[in-house]
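Undergrad: Order-wise, the sequence lines are chains A and B.
Residues in the first sequence are numbered from 18 upward in steps of one, following this note's numbering.
Residues in the second sequence are numbered from 11 upward in steps of one, following this note's numbering.
By construction, the Cβ of each residue, glycine as well, lies at the ideal position given by its N, Cα and C atoms.
A single structure is presented below for examination.
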Amino acid sequence: MAERLMPEPTPESAEFWAGLRRRELRIQRCRACERWYFYPRPFCPRCWSTDVQWRTASGRATLESYVVCYRPAPGFEDCVPYVIAVVTLAEGPRMMSNIVASGVDAGTPPEHIPQLLPAGLPLEVDFGKRGIGTGAALELPLFRPGTPRAQGADR
Amino acid sequence: MSDSRAMRRAAAIVGAAETARVDVQPDRSELSLHAEAALAALADAGLSPADVDGLATAGPRPSQIAEYLGIVPRWVDGTAVGGCSFLVHVGHAAAAIAAGYASTVLITHGESGRSRVGVERRVPSPATPWGQFEMPYGVYGPPTMFSLPVVRHMARYGSTEEQFAAVAVATRRWAALNPKATMRTPISVEDVLTSRLIAWPLRLLNCCLVTDAGGAVVVVGGERARDFPRPPVWLLGRGEAVAHQNVSQMADFSGSEAYRVAGGEAFRMAGVGPAEIDHAMLYDAFTHTPVYMLEALGFVEPGDGGPFFAEMRTAPGGELPVNTNGGGLSHTHTGMYGMFAIVESVVQLRGDGGARQIEGVELSLAHGAGGMFAAGATLILTNQP
Ligand SMILES: [Zn+2]
């Protein structure tokens, strides 16, 4: 089995990766326009202010779109099929992730997938490790089907 | 301030060719595919490499192609935004020719996409935004990234797997009329829906071919268009746009901003609308890309693209012939397919289409995609002076 590649943080993204080791989803928020954004950069990509701060996101999200991957990337041979998704965080930004505990497995007839994973499905973050090889040690922000919760984000 | 409308017919395509074969060629290197196409396009224009003073390409660097062909162009464009790069180059070439930077521009494509012979290796970079924020989730090539938005299109508009399958069926009907097409056996919607799962909602027959081939075009000033052996094809409108790099950063998964901006620019420059287009080449890397393009370019309202294909309105005999060479789905798809879309527009405007020729084509639109909905480029071409 092929070994997967490890993502490499840059100085601008170090806090995101450090947060994951504490099982916190750290993303940035612009103090000037009060919008959150992802991925990390030293300015707001909407109003270009440099008055930005790191905050911990609520971990709540909805399912924007996805594919169910039947041909694994190197290092993902043990979890076929797996769901590659883009989720919309409750705070607004989008990020790519995997959906875990989705109910979709190798025996799931494809025509059942839309019922198991409808677009807009509420999700919550579930930190975990993915893949085989050195990268498997890395904590990633994965998402599982959840219920919308009353408590708000850290805003 | 300049207005692009002043550039209508300022440039013309006077040479166009594909490699003799466009399927699988394990006996050919990538550079030799470039060269075969380049020499064929120049011969089509009655020219030799010595006449070329401008060069544009994507894939290998322009310097590599110049060295291989033995030329020293005085203008060069290596814009590389994916499969639509060559459509971008045509627009850039028109501007360069108008500015006097070059007079005869050669645009080449060659790619050993299937056999990977003589290909420069590009390694994934784990520190880029893609390496940090997409790669870790097991994305694996375009089938897992270019297709990520489709479920959102289905949710918003009710488009269906059957409708996307119909794109492959209609395109295969055109391929059956093209003796050069790689896949010519008719297929049904059922065939598509029962083909092997790749990345649901994508199955094998929703995906383009992967082939070894090349193509090239020669662009000159519009006023010289009639000085060449073959019927001229003038550039009436062009547009280009880049919207993002990583698909997870696409603003709206139900429609493509890059395609909208590129198409809008091209129609504005050309001074025509979608209803006037007689023939369209809509880059079909997957069955969903022509659906997004039909909507983004304004041929139909957003959400109406799927039904349009399902009703076979793009197939032979339909009101808007689309991808008449058989497209990336059935003719050829090396990886950066855009060049083949341009060449087929030229074929149709010259009346060279043989069994697939459309009666009375005066306006042809070619639209290319780059990356994962990242870039778009549109050309509107005409045989009318
Ligand atoms: Zn801001």
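If you measure from the beta carbon of E311 of chain B to each beta carbon in chain A, is any gap under 8 Å?
TA: No, no contact with chain A.
Undergrad: Counting pairs of Cβ atoms below 8 Å between the segment 139 to 155 of chain B and the segment 96 to 113 of chain A, do you hit three or more?
TA: They touch, by the three-pair rule.
Undergrad: Compute every distance between the C-beta of R63 of chain A and the non-hydrogen atoms of ligand 1, then say whether any falls below 7 Å.
TA: Within the cutoff, so yes.
Undergrad: Does the count of Cβ pairs from the segment 37 to 44 of chain A and the segment 66 to 83 of chain A closer than 8 Å reach three?
TA: Enough Cβ pairs lie closer than 8 Å, so yes.
Undergrad: Contact defined as beta carbons within less than 8 Å: I believe S39 of chain B pairs with G380 of chain B. What is the distance between those atoms, to the nearest angstrom?
TA: That belief does not hold up - the Cβ atoms of S39 of chain B and G380 of chain B are roughly 24 Å apart, past 8 Å.
Undergrad: Listed from N- to C-terminal order along the chain, which residues in the segment 113 to 142 of chain B have their beta-carbon within a distance smaller than 8 Å of any beta-carbon of chain A?
TA: Flagged, chain order: P134, P136, A137, P139, G141 and Q142.
Undergrad: How many angstroms separate the CA atom of G128 of chain B from the CA atom of V229 of chain B?
TA: Approximately 28 Å, taken between the alpha carbons.
Undergrad: Report the three-state DSSP secondary structure of M18 of chain A (helix, strand or coil).
TA: Residue confidence for M18 of chain A is low, a pLDDT of 45 falling below 50, so the modelled location carries little weight and cannot support an answer.
Undergrad: At the 8 Å Cβ level, is A165 of chain B part of the contact set with chain A, yes or no?
TA: Interface residue, yes.
Undergrad: Starting from D54 of chain B, trace the alpha helix (DSSP H) both ways and give me its first and last residue.
TA: Segment E40 to D54, the alpha helix (DSSP H) holding D54 of chain B.
Undergrad: Just verifying my parser: in three-state terms, what is the DSSP assignment at E171 of chain B?
TA: E171 of chain B falls in the helix class under three-state DSSP.
Undergrad: Taking one C-beta from the segment 261 to 272 of chain B and one from the segment 347 to 366 of chain B each time, how about it: are there three or more such pairs within less than 8 Å?
TA: Short answer: they don't touch.
Undergrad: Report yes or no: do the segment 52 to 72 of chain B and the segment 154 to 167 of chain B share at least 3 C-beta pairs separated by less than 8 Å?
TA: Not touching, per the Cβ criterion.
Undergrad: Could you pull the start and end residues of the beta strand (DSSP E) that W34 of chain A belongs to?
TA: Where W34 of chain A is concerned, there is no enclosing beta strand (DSSP E), although the alpha helix (DSSP H) it sits in stretches over A31 to R38.
Undergrad: V161 of chain B versus chain A: which residues are under 7 Å apart at the beta carbon?
TA: Near V161 of chain B (Cβ distances below 7 Å), the residues of chain A are S82, Y83 and A136.
Undergrad: Tell me, which residues are paired with K146 of chain A by DSSP?
TA: According to DSSP, which records beta bridges pairwise, K146 of chain A is partnered with A:E156.
Undergrad: Looking at the unbroken alpha helix (DSSP H) that takes in M17 of chain B, where does it start and where does it end?
TA: M17 of chain B -> no alpha helix (DSSP H), and no H or E assigned at all.
Undergrad: Between the Cα of P241 of chain B and those of B:G327, B:T392 and B:T89, spot the shortest distance and give me the residue it belongs to.
TA: It is B:T392 whose Cα lies nearest to the Cα of P241 of chain B.
Undergrad: Restricting to Cα atoms, I'd like to know which of B:I197, B:E233, B:D237 and B:A251 is closest to L245 of chain B.
TA: With distances taken between Cα atoms, L245 of chain B lies closest to B:E233.
Undergrad: Using Cβ-Cβ distances below 7 Å, what residues of the segment 73 to 106 of chain A are close to chain B?
TA: So the list reads E81, S82, Y83, V84, V85, C86, Y87, R88, P89, A90, F93, Y99, I101 and V103, given in the order they occur along the chain.
Undergrad: For the alpha helix (DSSP H) that T299 of chain B lies in, which residues bound it at each end?
TA: Start and end: H298 to A306.
Undergrad: Thinking just about the alpha-carbon of each residue, which of A:M113, A:P135 and A:C64 is nearest to the one in F160 of chain A?
TA: The candidate whose alpha carbon is nearest that of F160 of chain A is A:M113.
Undergrad: Cβ of F174 of chain B within 8 Å of Cβ of G386 of chain B?
TA: No.
Undergrad: When DSSP labels each residue in this structure, what does T154 of chain B get in the three-state scheme?
TA: Looking at T154 of chain B - three-state DSSP - the assignment turns out to be helix.
Undergrad: Less than 8 Å between C-beta atoms, sequence neighbours within five positions excluded: which residues of the same chain meet that for P57 of chain A?
TA: Excluding residues within five positions, the ones whose Cβ falls inside 8 Å are E29, S30, E32, F33, I44 and Q45.
Undergrad: Anything in the segment 40 to 72 of chain A with a Cβ closer than 7 Å to a Cβ of chain B? List those residues in chain order, please.
TA: Those residues of the segment 40 to 72 of chain A that come within reach of chain B (Cβ to Cβ, closer than 7 Å) are Y56.
Undergrad: Could you list which residues in chain B have their beta carbon closer than 7 Å to that of P28 of chain A, in chain order?
TA: By Cβ distance, chain B contributes nothing, its closest Cβ being about 11 Å from P28 of chain A, past 7 Å.
Undergrad: I'd like to confirm something about R52 of chain A: is its beta-carbon nearer than 7 Å to some heavy atom of ligand 1, or not?
TA: R52 of chain A Cβ: within cutoff of ligand 1.
Undergrad: Do A295 of chain B and E28 of chain B have their C-beta atoms closer together than 8 Å?
TA: Cβ distance not < 8 Å, so A295 of chain B and E28 of chain B don't count as in contact.
Undergrad: From B:M193, B:H99, B:L214 and B:G225, pick the residue whose C-alpha is nearest to that of S42 of chain B; which is it?
TA: S42 of chain B has its Cα closest to that of B:G225, out of B:M193, B:H99, B:L214 and B:G225.
Undergrad: Compute the Euclidean distance between the alpha carbons of A170 of chain A and N115 of chain A, then round it to the nearest angstrom.
TA: The predicted model places A170 of chain A with a pLDDT of 41, which falls under 50 and marks its position as unreliable, so this point remains unresolved.
Undergrad: Taking 7 Å as the cut-off, does the CB of A118 of chain A come closer than this to any heavy atom belonging to ligand 1?
TA: For ligand 1, not one heavy atom lies less than 7 Å from the Cβ of A118 of chain A.
Undergrad: Run through the DSSP bridge pairs and tell me what N115 of chain A is partnered with.
TA: Paired residue(s): A:I101.
Undergrad: Tell me, please, which residues DSSP counts as bridged to M291 of chain B.
TA: According to DSSP, which records beta bridges pairwise, M291 of chain B is partnered with B:A376.
Undergrad: For the alpha helix (DSSP H) that M77 of chain B lies in, which residues bound it at each end?
TA: Per the sequence shown, the amino acid found at residue 77 of chain B is Glu instead of Met. Segment P72 to L79, the alpha helix (DSSP H) holding E77 of chain B.
Undergrad: Using 8 Å as the threshold, is the segment 280 to 292 of chain B in touch with the segment 185 to 196 of chain B, meaning 3 or more CB pairs across them?
TA: Touching, no.
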